[in-house]
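Student: When the letters of the sequence shown are read in order and numbered with my numbering, they come out as residues 7 to 117.
This is the structure I want to talk about, given as structure tokens.
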Amino acid sequence: MFKVVALQLAIATGFALLAWNLGGVLKAWSAAYGGAIAVIGSLVYAMIVMGATNDPKKTFRTHFRAEMVKFSITAALFIVALVLFSSAAWLWLILGFAVATMAYWFALLAV
């Protein structure tokens, strides 16, 4: 599970570097913050589900709780961006989040 998060981090970092080459520092920081939102949510999810058991009901509840925590953290980090990072290049922030999230989906296909 942590390999997926590491791949997601690598792709988000690469996208931030691409944004830096294409648009400068502000766009790079925005893309990096968007990628970080996705990576942090996935990391928290992975840490919660690592203690899963063989009981299907407990496993389902654990994954459901992990997904709700991930969703809450993601929403909170976007709100923090709205409040504290008002000068962000919002398109690049959302693209950074989307690229990191797609990396997570594609990595799961390979796992």
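Beta carbons: idealized from backbone N, C-alpha and C, even for Gly.
Straight-line CA distance for Ala52 to Ala72?
Tutor: Here the question's residue 52 lines up with position 46 in the sequence shown. Here the question's residue 72 lines up with position 66 in the sequence shown. Taking the straight line joining both Cα atoms gives about 8 Å.
Student: Between the Cα of Thr19 and the Cα atoms of Asn60, Ser78 and Ala104, which residue gives the shortest distance?
Tutor: The residue given as residue 19 occupies position 13 in the sequence shown. Per the Cα distances, Ala104.
Student: Using a Cβ distance threshold of 8 Å, determine whether the stretch 56 to 70 contacts the stretch 11 to 30, with at least three qualifying pairs required.
Tutor: These segments do not touch.
Student: Are Val45 and Leu24 closer than 7 Å when you measure CB to CB?
Tutor: Start at 1 with the first residue of the sequence shown, and residue 45 comes out as number 39. Start at 1 with the first residue of the sequence shown, and residue 24 comes out as number 18. Cβ atoms of Val45 and Leu24: not closer than 7 Å.
Student: Give me the Cβ distance between Val10 and Val50, rounded to the nearest whole Å; I'm assuming they're in contact under 8 Å.
Tutor: Along the sequence shown, read from residue 1 onward, the residue named residue 10 stands at position 4. Along the sequence shown, read from residue 1 onward, the residue named residue 50 stands at position 44. About 13 Å separates the two Cβ atoms, so there is no contact after all.
Student: Which of the three DSSP states is assigned to Met56 in this structure?
Tutor: What you label residue 56 is simply residue 50 of the sequence shown in a count that begins at 1. If DSSP states are grouped into helix, strand and coil, Met56 belongs with coil.
Student: Would you kindly check if the distance between the Cβ of Gly40 and the Cβ of Leu88 is under 7 Å?
Tutor: Within the sequence shown, residue 88 is the residue found at index 82, counting from 1. Within the sequence shown, residue 40 is the residue found at index 34, counting from 1. Result no, Cβ atoms of Leu88 and Gly40 do not sit closer than 7 Å.
Student: Of the choices Ser92, Leu13, Thr107 and Leu114, whose alpha-carbon is the least far from that of Gly47?
Tutor: For the purposes of this step, residue 47 is identified with residue 41 of the sequence shown, where counting begins at 1. Looking at the Cα atoms, Thr107 is the closest of the given residues.
Student: Leaving aside the five residues before and after Leu13 along the sequence, list all residues of the same chain whose C-beta is less than 7 Å from its C-beta, in chain order.
Tutor: Translated into the one-based positions of the sequence shown, residue 13 becomes position 7. Ala109 and Ala113.
Student: Can you have a look at Phe21 and say buried or exposed, based on whether 16 or more other CB atoms are within 10 angstroms of its CB?
Tutor: Here residue 21 refers to the residue found at position 15 of the sequence shown. So Phe21 counts as buried.
Student: List in chain order: all unbroken beta strand (DSSP E) runs of 3+ residues lying wholly within the stretch 61 to 88.
Tutor: If we require 3 residues or more, the stretch 61 to 88 turns out to have no beta strand (DSSP E) run fully inside it.
Student: What are the boundary residues of the alpha helix (DSSP H) that Ala116 is part of?
Tutor: What you label residue 116 is simply residue 110 of the sequence shown in a count that begins at 1. Taken as a continuous stretch (DSSP letters only), the alpha helix (DSSP H) holding Ala116 covers Trp96 to Ala116.
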